[in-house]
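Notes for the one structure printed next.
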Amino acid sequence: MLLDRDDWYGVAHDLEWSLSYVEHEDAFPDAWTGSNGIPREAWRAWEEPFRVSYRDYVAVQREKEAGVAGVRDALKRSRVYQNLHPSFAAVSHLHMGATCMIEQMAVMMLGRFARFAPSPRWRNISVFGMLDEIRHAQLDLLFSHDLLKYDSRFDWCQKAFHSNEWAIIAIRSFCDDWMLDTNCIDAALAVNLTFEHGFTNMQFVALAADAMEAGDVGFSNLLSSIQTDEARHAQQGFPTLEVLMKHDPERAQRVLDVSFWRSFRLFQAMTGPAMDYYTPLDRRTMSFKEFMLEWVVDQHERTLRDYGLKRPWYWDTFLQSLEHGHHALHLGMWFWRPTLFWKPSAGVSKVERRWLNDKYPSWEDSWGVLWDEIIQNVNHGRMAQTLPETLPALCNLTQLPIGTHLDRHHLECVTREHHGRMYYFDSEVSKWCFEQEPERYAGHLNVVDRFVAGLIQPADLSGVLQWMGLTPDVMGDDAVDYSWARDYLPDAQSAG
Ligand SMILES: [Fe+2]
Ligand SMILES: [Fe+2]
Numbered sequence: 011m012l013l014d015r016d017d018w019y020g021v022a023h024d025l026e027w028s029l030s031y032v033e034h035e036d037a038f039p040d041a042w043t044g045s046n047g048i049p050r051e052a053w054r055a056w057e058e059p060f061r062v063s064y065r066d067y068v069a070v071q072r073e074k075e076a077g078v079a080g081v082r083d084a085l086k087r088s089r090v091y092q093n094l095h096p097s098f099a100a101v102s103h104l105h106m107g108a109t110c111m112i113e114q115m116a117v118m119m120l121g122r123f124a125r126f127a128p129s130p131r132w133r134n135i136s137v138f139g140m141l142d143e144i145r146h147a148q149l150d151l152l153f154s155h156d157l158l159k160y161d162s163r164f165d166w167c168q169k170a171f172h173s174n175e176w177a178i179i180a181i182r183s184f185c186d187d188w189m190l191d192t193n194c195i196d197a198a199l200a201v202n203l204t205f206e207h208g209f210t211n212m213q214f215v216a217l218a219a220d221a222m223e224a225g226d227v228g229f230s231n232l233l234s235s236i237q238t239d240e241a242r243h244a245q246q247g248f249p250t251l252e253v254l255m256k257h258d259p260e261r262a263q264r265v266l267d268v269s270f271w272r273s274f275r276l277f278q279a280m281t282g283p284a285m286d287y288y289t290p291l292d293r294r295t296m297s298f299k300e301f302m303l304e305w306v307v308d309q310h311e312r313t314l315r316d317y318g319l320k321r322p323w324y325w326d327t328f329l330q331s332l333e334h335g336h337h338a339l340h341l342g343m344w345f346w347r348p349t350l351f352w353k354p355s356a357g358v359s360k361v362e363r364r365w366l367n368d369k370y371p372s373w374e375d376s377w378g379v380l381w382d383e384i385i386q387n388v389n390h391g392r393m394a395q396t397l398p399e400t401l402p403a404l405c406n407l408t409q410l411p412i413g414t415h416l417d418r419h420h421l422e423c424v425t426r427e428h429h430g431r432m433y434y435f436d437s438e439v440s441k442w443c444f445e446q447e448p449e450r451y452a453g454h455l456n457v458v459d460r461f462v463a464g465l466i467q468p469a470d471l472s473g474v475l476q477w478m479g480l481t482p483d484v485m486g487d488d489a490v491d492y493s494w495a496r497d498y499l500p501d502a503q504s505a506g
């Protein structure tokens, strides 16, 4: 007779036994579990946020896979990709290059939970999370492989994380740190609860909606299929936070505050430009700021309140940065476009500019004047002046350009000396993150540090591009060949 799940689940999910050949502390070292000072019994309170058996899991995942496979077949027969707006194609290049290996790193992180998490229930459900992440990485590779014949940029789905491209270094810096090199408890808070539960909604829900609108049905389906898994396994951060709150609430606050800021800065670079500049105007569903407020800010505040935590001390700075930071990053990324493996869309035609001013009332004051300069140069054929000759200063924590977290009038470079070396930061918040655990970050050389140290040769922009692995076939240029700038010619019939 086949037992019902409820008849056996209680025994199966709590699978643990007393070790007799090794000490418990040797099999589950604090360095891996992160359980420093939290008594072993405390983890009995760790309740699964969802119940799943292997049989149920496989049945549901099989359905999802069948759905994705159907879309993939239809895509191969149709000409969806060839007809896709070039600036939206850039979104898919950026997404594939930036996220495929994050999924793969998540496989390793969840594999570590499955072995070292301090609760048997947690170890049990992490196996499912690990299987999820294998699926995600493989789906990205599969879709990118299908599209490789149209654009060699899809090669970067696999290649990006093995290169020194600066934006990828910024992402890798976060992921190496929090996914690969952090104990189970801190990783569950930083990655599951903050990065996945909060921020991946941006990439997977918002971009999926935009992708559907923009006619990229395959990409939209892929994102949605992945998000259903993320929404489930991201839940494991909550019971972990609950246990930690009883034993070390200060640590919980610190880990969440550091990871929230670091996640936010990354999404400002990755998702902000994709939503507010690359997605064709008539296909946009919400601005980056609106989406952040609805899906990330509300949710994060609720979580903090529910568990008795405070808002991060930098909340006002965060809200100001939400208004400005991704515009600064977008402008910088467009200007340094040869250093990207996708073609950024400027997204500042007259009608797009009205949308930006409508969504961000201070946009014109901060960024309009800089774009006007670029527009003048483009329209007078002075292209060399729209291109970089040097590198921007980079933050030693976020690895992002300094001067990209607030508006144009508040460019700041924050410094701090540590063991005789001067470190540079994009904000007081990034400096504060560094100061929480200086040894965690000290010693790393960012791209500019390496350039100055003579590790990149020849020591000019061409040497940097070569070092980043950027070949002419993928190197970024304006997505629509500067056609938007013609809007500003004196005799232009503006579309807007
Ligand atoms: Fe994933
Ligand atoms: Fe995930």
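Residue numbers (our numbering): 11 to 506. Cβ atoms here follow ideal geometry from the backbone N, Cα and C, with glycine treated the same way. In this text the structure is predicted, and so the values were computed from the model without any measurement.
- Length of the line joining the Cα atoms of Arg54 and Ser129: Your numbering for residue 54 matches position 44 in the sequence shown. Your numbering for residue 129 matches position 119 in the sequence shown. For Arg54 and Ser129, the gap between their C-alpha atoms comes out near 7 Å.
- Flag Ile181 as yes when its Cβ comes closer than 7 Å to any non-hydrogen atom of ligand 1, and as no otherwise. In the sequence shown, the residue the question calls residue 181 occupies position 171. No, Cβ of Ile181 sits at least 7 Å from all heavy atoms of ligand 1.
- Less than 8 Å separating the beta-carbons of Ala524 and Arg133? Since the first residue of the chain shown is 11 and the last is 506, residue 524 is not available in this structure.
- Near His23, which residues of its chain fall below 6 Å by C-beta distance, leaving aside the five closest residues on each side in sequence? Locating residue 23 in the sequence shown gives position 13, counting from the first residue. Only Arg131, Asn134 meet the Cβ criterion.
- Relative to the C-alpha of Trp344, which residue among Thr396, Asp40, Gly473, Ala41 is closest? To locate residue 344, count along the sequence shown from 1; it is residue 334. Ranked by how close their Cα comes to the Cα of Trp344, the residues Thr396, Asp40, Gly473, Ala41 have Thr396 in first place.
- Task: Could you tell me how far apart the beta carbons of Val21 and Val227 are, in whole angstroms, since I believe they sit closer than 8 Å?
- Result: To locate residue 21, count along the sequence shown from 1; it is residue 11. To locate residue 227, count along the sequence shown from 1; it is residue 217. Not quite, the Cβ-Cβ distance comes to about 44 Å (not below 8 Å), so this is no contact.
- Message: My output table needs one value for Leu29: the three-state DSSP class, helix, strand or coil.
- Response: Mapped onto the sequence shown, residue 29 falls at position 19. The answer is coil: DSSP assigns Leu29 none of H, G, I, E or B.
- Under the three-state reduction of DSSP, which class applies to Val78: helix, strand or coil? Within the sequence shown, the letter at position 68 stands for residue 78. Val78 falls in the helix class under three-state DSSP.
- Item | Every unbroken alpha helix (DSSP H) within the segment 427-469, with a cutoff of 4 residues, ordered by chain | 438-446, 448-451, 457-462
- Close beta carbons around Glu422, own chain, < 6 Å, minus the five adjacent residues each side: Along the sequence shown, read from residue 1 onward, the residue named residue 422 stands at position 412. Excluding positions up to five away in sequence, the list is empty.
- Query: Alpha carbon to alpha carbon, how far is Phe444 from Asp267?
  - Reply: By 1-based counting over the sequence shown, the position of residue 444 is 434. By 1-based counting over the sequence shown, the position of residue 267 is 257. Roughly 12 Å between the two C-alpha positions.
- Message: Can you determine whether any heavy atom of ligand 1 sits closer than 7 Å to the C-beta of Asp150, and answer yes or no?
- Response: The residue you call residue 150 lines up with position 140 of the sequence shown. Using a cutoff of 7 Å, the CB of Asp150 does not count as near ligand 1, since none of the ligand's heavy atoms is closer than that.
- Going straight from the alpha carbon of Leu12 to that of His243, what length do you get? Residue 12 sits at position 2 when you count from the first residue of the sequence shown. Residue 243 sits at position 233 when you count from the first residue of the sequence shown. Spanning the two alpha carbons is a distance of roughly 28 Å.
- Task: Can you tell me which of Ser235, Ala100, Arg264 puts its alpha carbon nearest to the alpha carbon of Asp487?
- Result: Here residue 487 corresponds to residue number 477 of the sequence shown, with the count starting at 1. Residue Ala100 is the option with its Cα nearest to Asp487.
- Query: I think Phe60 touches Gln330, with their Cβ atoms under 8 Å apart; what is that distance to the nearest whole Å?
  - Reply: The sequence position of residue 60 within the sequence shown is 50, counting from 1. The sequence position of residue 330 within the sequence shown is 320, counting from 1. Contact flag wrong, Cβ pair sits at about 37 Å.
- Can the beta-carbon of Pro402 be found closer than 8 Å to that of Gly342? Locating residue 402 in the sequence shown gives position 392, where the first residue counts as 1. Locating residue 342 in the sequence shown gives position 332, where the first residue counts as 1. For Pro402 and Gly342, yes; Cβs fall inside 8 Å.
- Can we say the segment 168-175 touches the segment 105-117, given the rule of at least three CB pairs closer than 8 Å? Enough Cβ pairs lie closer than 8 Å, so yes.
- Are the segment 249-260 and the segment 41-50 touching by the rule of at least three beta carbon pairs closer than 8 Å? yes
- Query: Any idea what DSSP makes of Val424, helix, strand or coil?
  - Reply: Here the question's residue 424 lines up with position 414 in the sequence shown. Strand at Val424.
- Message: When you compare the segment 182-198 with the segment 65-80, are there three or more beta-carbon pairs, one atom per stretch, that lie closer than 8 Å?
- Response: Taking 8 Å as the limit for Cβ pairs, the verdict is that the segment 65-80 does not touch the segment 182-198.
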